[in-house]
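Report on the structure given below.
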Amino acid sequence: MSTVLELKHATKRIDNGLNETKIILNNVNLTIEKGEFVTVLGGNGAGKSTLFNSIAGTLSLSEGDLFINQQKITNYSEEKRATFFSRVFQDPKMGTAPRMTVAENLLLAMYRGQKRSLRLRKISEQRTFFTKICSEVGNGLENHLDTPTGNLSGGQRQALSLLMATLTKPELLLLDEHTAALDPKTSKQLMHLTDQRIKEADLTCLMITHRMEDALEYGNRLIVLQKGRIIKDLNKSEKEKLTLQDLLLFFEEEAELSVD
């Protein structure tokens, strides 16, 4: 296996005013190998979003370095890092262009990371392909290729975001609580699609989830964050031995530590 992502001593500090400094990512060392599907758990303020924002370049690290395929990208801008990473956010509105149609959004995703130039759109040439991949979603998205994305339901829009993020194979797929805003049925459908897309394309993925059932069912590795540190890192066999009660017990212990 080859290493896709490596964080070395990743630390993020912020000033809270009155000469107070808060550490929200604390000396994190993390290595992600090609083909790993890593689920990320942690309570509020554990550092999950900070970890993703530091990887994507939305936040810069205070200390430490970030490597993709052994290439140091610590000082790369968010735009430059977008050639390596695809991200699906919690908010369905964030991953798509609302005034563009479903087909136009998918066409835009096909050219992710490529140099921009004036060219014919050629949507008609891709229509059969777009219909095929949208029909795999199972929520009628294939019937809305000419519908502005802003008119879709939240579930359809989030499914489209996932298709766009995986249309061209990213080095690393970042799923940032991408089912959190959906109802249970739609969430279950989207997770099934997520697992299917990851397995079919042999993608490498980091997925933040607040649904502990999904953390147990999906992925081949589990990490748990607490106060900006990785306190558990379980491989596939260790993860398979976990129960929902084990995870619930962990969060109970975390709450007790916070009170103390």
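Using our numbering, you'd call the opening residue of the sequence shown number 1 and step up by one each time.
For each residue, glycine too, the CB sits at the ideal point set by N, CA and C.
query	result
Pairwise C-alpha distance: residue 141 and residue 130	10 Å
Rounded straight-line distance, which links the Cα of residue 151 to that of residue 96	12 Å
Helix, strand or coil at residue 98 according to DSSP, with G and I counted as helix	coil
Buried/exposed call for residue 177, threshold 16 Cβ in 10 Å	buried
Which residues DSSP lists as bridging residue 17, in chain order	20
Residue nearest to residue 106 in terms of C-alpha spacing, selected from 39, 208, 72, 165	165
Pairwise C-alpha distance: residue 30 and residue 206	12 Å
DSSP state of residue 129 mapped onto helix, strand, coil	helix
Nearest residue (CA-CA) to residue 88, options 160, 138, 62, 47	160
Residue 223 - partner residues in DSSP beta bridges	40, 233
Under the three-state DSSP convention, the category residue 289 falls into	No answer is possible for residue 289: the residues shown for the chain start at 1 and end at 260.
Coil, strand or helix - residue 208 by DSSP	strand
Per-residue DSSP class, three states only, for residue 123	helix
Those runs of the alpha helix (DSSP H) which lie wholly inside the segment 33-79 and span at least 4 residues	48-56
The segment 229-243 in contact with the segment 201-220 per 3-pair CB rule at 8 Å	yes
Neighbourhood of residue 9 by C-beta, 7 Å cutoff - its chain only, sequence neighbours within 5 removed	27, 29, 63, 64
Residue of 70, 82, 44, 45 minimising C-alpha distance to residue 174	82
Cβ neighbour criterion (16 or more within 10 Å) applied to residue 70	exposed
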